[in-house]
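Trainee: Counting in the UniProt record's numbering, the sequence shown runs from 1 upward without gaps. There's a structure below that I have some questions on.
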Amino acid sequence: YNFHIYDGLIQSKQSAQRALADSNSLTEIENYVNANRTDTNHNLAGIAKGRNVILVSLESTQSFVVNQKLNGKEITPYLNDLIKKSYSFENFYHQTGQGKT
C-alpha cells in the first residue's frame, strides 16, 4: 500500500517536470534516443512467426529456487527443464514495490 502512495508522488512530480520541459530538452532527448537506438533485426526477430507460442507466467514464484537442490533433489525439476529448452528472462522489474504478486 505504501509503495502505491510513494509511486503516485513520484509520478506526479514527473508529470510536472514534463509539463514544464522546454523544446531544447525535447531535442536533447530525441538526439539521445536516436544515438542509442538498438538494431531490431537481430537473430530473435520473427523467431516465432508461424509457430504456436506458449507463455508461462508464474505468480508468487521467486527465481532463487530455480536450478537449486535440496537434499540432492532438484527443487523445481520441471521449471529447470523448461528453462533449458526455452527463453527465460531474469532482468525484469516488478511494479508492486515490496510485494511481487
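Note that CB positions come from ideal geometry on N, CA and C, so glycine has one too.
Quick check: the Cα distance between residue 2 and residue 50, rounded to an integer number of angstroms?
Mentor: The residue you call residue 2 lines up with position 2 of the sequence shown. The residue you call residue 50 lines up with position 50 of the sequence shown. If I take the Cα positions, the gap works out to 44 angstroms.
Trainee: From 5, 47, 55, pick the residue whose C-alpha is nearest to that of residue 83; which is it?
Mentor: As a position in the sequence shown, residue 83 is number 83, starting the count at 1. That would be 55, whose Cα lies nearest to the Cα of residue 83.
Trainee: Looking at C-alpha atoms only, which residue of 58, 61, 79 is the closest neighbour of residue 67?
Mentor: Walking along the sequence shown from the start, residue 67 turns up at place 67. Nearest C-alpha to residue 67: 79.
Trainee: By how many angstroms is the C-alpha of residue 30 removed from the C-alpha of residue 22?
Mentor: Numbered from its first residue, the sequence shown carries residue 22 at position 22. Numbered from its first residue, the sequence shown carries residue 30 at position 30. Roughly 13 angstroms separates the two Cα atoms.
Trainee: Using only the alpha-carbon positions, how far apart do residue 125 and residue 77 sit?
Mentor: Residue numbering for the chain in the displayed model covers 1 to 101; residue 125 lies beyond these limits and cannot be assessed.
Trainee: Can you give the beta carbon distance from residue 57 to residue 90, rounded, assuming they're within the 8 angstroms contact cut?
Mentor: By one-based count along the sequence shown, residue 57 stands at place 57. By one-based count along the sequence shown, residue 90 stands at place 90. With a Cβ gap of about 14 angstroms, residue 57 and residue 90 do not count as contacting.
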